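See below for the structure under consideration.
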Amino acid sequence: MKRIQTSAAPQAIGPYSQAIQAGNMVYTSGQIPLTPEGKLVEGGIVEQTHQVMKNLQAVLKAAGTDLNKVVKTTIFLADMEDFQQVNEVYAQYFEEPHPARSCVQAARLPKDVRVEIEAVAIVD
């Protein structure tokens, strides 16, 4: 296993890695809407989702891959009422074939954010 680390995304806020590469697969930890400096992005669910996607891009880049190689994502929402807006932002970052995906409402997310997304991608 290889630890993936980048300063272009927020640092882990606990005992975990931003991502782990195992063989030709990379597994990201859930990304929340913190800037690389660790500050919560201002704005609503749209702004938070864009920041999460930027963080995922940065972690994937550090692993030598990108969003085009993502095979599975999991989205955690604080409120399922945000699903449509998150979906609209999410769609701006992925092309066909879209990754497999799960989306669940969580009772509470770290730092009381509204969205968290994790991904699994292929590394060539």
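Counting the sequence shown from 1 gives a position; our numbering is that position plus 188. Glycine is no exception: its CB is placed at the ideal position from the N, C-alpha and C atoms. Given the structure is predicted, the values throughout are model-derived calculations rather than measurements.
What are the boundary residues of the beta strand (DSSP E) that residue i is part of?
i: Ile233; result: Where Ile233 is concerned, there is no enclosing beta strand (DSSP E), although the alpha helix (DSSP H) it sits in stretches over 233 to 250.
i: Val185; result: Residue 185 cannot be examined here, being either before or after the span of the chain that is shown, 189 to 312.
i: Leu173; result: The first residue shown for the chain is 189 and the last is 312, placing residue 173 beyond what the model contains.
i: Ile201; result: Note, Ile201: premise wrong, no beta strand (DSSP E); not H, not E.
Where does residue i fall in DSSP's three states?
i: Glu304; result: strand
i: Tyr281; result: coil
i: Gln273; result: helix
i: Leu297; result: coil
For residue i, does the count of other Cβ atoms within 10 angstroms reach 16, so buried, or fall short, so exposed?
i: Ile310; result: exposed
i: Gln293; result: exposed
i: Tyr204; result: exposed
i: Ser195; result: exposed
i: Glu304; result: buried
i: Ala251; result: buried
i: Ile201; result: exposed
i: Gln236; result: buried
i: Ser290; result: exposed
i: Gly191; result: Gly is not the amino acid found at residue 191; the sequence shown has Arg there. Classification of Arg191: exposed, given that the 10 Å Cβ count is below 16.
Report back the beta-carbon spacing between residue i and residue j to the nearest angstrom; my notes put them in contact at under 8 Å.
i: Ile220; j: Val240; result: 6 Å
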